[in-house]
Amino acid sequence: MRAHAPRPRSTICCGTSCVSGSAGGNSGDRDALSILAELIRCPSVTPDAGAALDVVEKYLAAAGFECHRLTFEAPGTEPVDNLFARLGTGRPHLCFAGHADVVPPGDQTRWSAPPFAAQIRDGRIVGRGAEDMKGAVAAALAAALELVAGGTPINGSLSFLITGDEEGPSVNGTRPVLEWMAEHSHTPDECIVGEPTNTGAIGDAIKIGRRGALTGTLVVTGEQGHSAYPE
47 MRAHAPRPRS
57 TICCGTSCVS
67 GSAGGNSGDR
77 DALSILAELI
87 RCPSVTPDAG
97 AALDVVEKYL
107 AAAGFECHRL
117 TFEAPGTEPV
127 DNLFARLGTG
137 RPHLCFAGHA
147 DVVPPGDQTR
157 WSAPPFAAQI
167 RDGRIVGRGA
177 EDMKGAVAAA
187 LAAALELVAG
197 GTPINGSLSF
207 LITGDEEGPS
217 VNGTRPVLEW
227 MAEHSHTPDE
237 CIVGEPTNTG
247 AIGDAIKIGR
257 RGALTGTLVV
267 TGEQGHSAYP
277 E
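If you're matching positions, the sequence shown starts at 47 in this note's numbering and goes up one per residue.
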């Protein structure tokens, strides 16, 4: 896309959970830090990401994006809510892909702050999903809102694909959403995945491609046994 989004007034360092700036400023509730805090306060443990998706949809719909909530349920799995939103219909089509679900917080007594309170301590926002990957979702969302608010013409279209099961089985999210997108002429030309990829310092790595996944089925024939009964 030829139009460039200006930097949000508060920045989220996507590879860590550090923040800079303030949640105020002229951008108000469209500030990246404010959006991130709002997302963290949604306890969106897989596959219950609906509340966090509501937050993303609220901002995108207000900015003029056409939003679609897509629920998929493969056999033997729980239904998963997903969001696809697009601004414009032209090409090139740039898509930001990510997920709003998080892993369980575990033993909350071991946290330095409540995992879903979004407290800021020593320049860092503490919360489940701050790094993986609500920080990136908030940063991309804030940048898109700044782009729209600035009135810059977009030569092409911009979309968001936000799923709700990346931290789980990952069968009712990206893959069926992409299939739906292809059926409805929404296949993107380029895609940015905001997963944290930094290895040493903030912004030190932009990676091209994904390693993918390989699964297989191993069939072993013979007599059934157990280590408790070696005979």
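Backbone N, C-alpha and C fix where the C-beta goes; we use that ideal spot for every residue, glycine too.
Report yes or no: do three or more beta-carbon pairs, one from the region 161-181 and one from the region 243-253, lie closer than 8 Å? no
Report yes or no: do three or more beta-carbon pairs, one from the region 112-123 and one from the region 185-193, lie closer than 8 Å? no
Between 215, 214 and 205, which has its C-alpha nearest residue 224's C-alpha? Translated into positions along the sequence shown, residue 224 becomes position 178. Residue 224 has its Cα closest to that of 205, out of 215, 214 and 205.
Return yes when the Cβ of residue 240 is within less than 8 Å of the Cβ of residue 146, no when it is not. For this step, residue 146 is matched to residue 100 along the sequence shown. For this step, residue 240 is matched to residue 194 along the sequence shown. Not in contact: residue 146 and residue 240 (Cβ atoms no closer than 8 Å).
Helix, strand or coil: how does DSSP classify residue 70 here? Within the sequence shown, residue 70 is the residue found at index 24, counting from 1. Caution applies to residue 70, whose pLDDT of 39 falls short of 50 and renders its modelled position unreliable; the value that the coordinates give is listed next. The answer is coil: DSSP assigns residue 70 none of H, G, I, E or B.
Who are the Cβ neighbours of residue 259 in its own chain at under 7 Å, not counting the five residues just before and after it? Numbered from 1 along the sequence shown, position 213 holds the residue referred to as residue 259. If we look at residue 259 and ignore the five residues flanking it on each side, it has no Cβ neighbours.
By how many angstroms is the C-alpha of residue 153 removed from the C-alpha of residue 161? For the purposes of this step, residue 161 is taken as the residue at position 115 of the sequence shown. For the purposes of this step, residue 153 is taken as the residue at position 107 of the sequence shown. Going by the C-alpha atoms only, they are around 10 Å apart.
Quick check: residue 87 and residue 232, are their CB atoms within less than 8 Å of each other? Along the sequence shown, read from residue 1 onward, the residue named residue 87 stands at position 41. Along the sequence shown, read from residue 1 onward, the residue named residue 232 stands at position 186. The Cβ-Cβ distance between residue 87 and residue 232 does not fall below 8 Å.
Return the first residue and the last residue of the beta strand (DSSP E) that residue 209 is part of. Indexing the sequence shown from 1 puts residue 209 at position 163. Residue 209 -> beta strand (DSSP E) spans 203-209.
On the CB-based measure, 16 or more other CB atoms within 10 Å of its CB, does residue 235 come out buried or exposed? To locate residue 235, count along the sequence shown from 1; it is residue 189. When all chains shown are included, residue 235 counts as exposed.
DSSP three-state call for residue 86: helix, strand or coil? As a first step, residue 86 is located in the sequence shown; it is residue number 40 there, counting from the start. Correct three-state label for residue 86: helix.
Please go through the same chain and pick out, in chain order, the residues whose beta-carbon is closer than 8 Å to the beta-carbon of residue 127, but skip the five residues on each side of it. On the sequence shown, residue 127 is found 81 positions in, with the first residue counted as 1. Excluding residues within five positions, the ones whose Cβ falls inside 8 Å are 93, 95, 96, 99, 115, 116, 117 and 210.
Taking the runs of the alpha helix (DSSP H) that are 4 residues or longer, which of them lie wholly in the region 88-114? Here the runs fully enclosed are 96-108.
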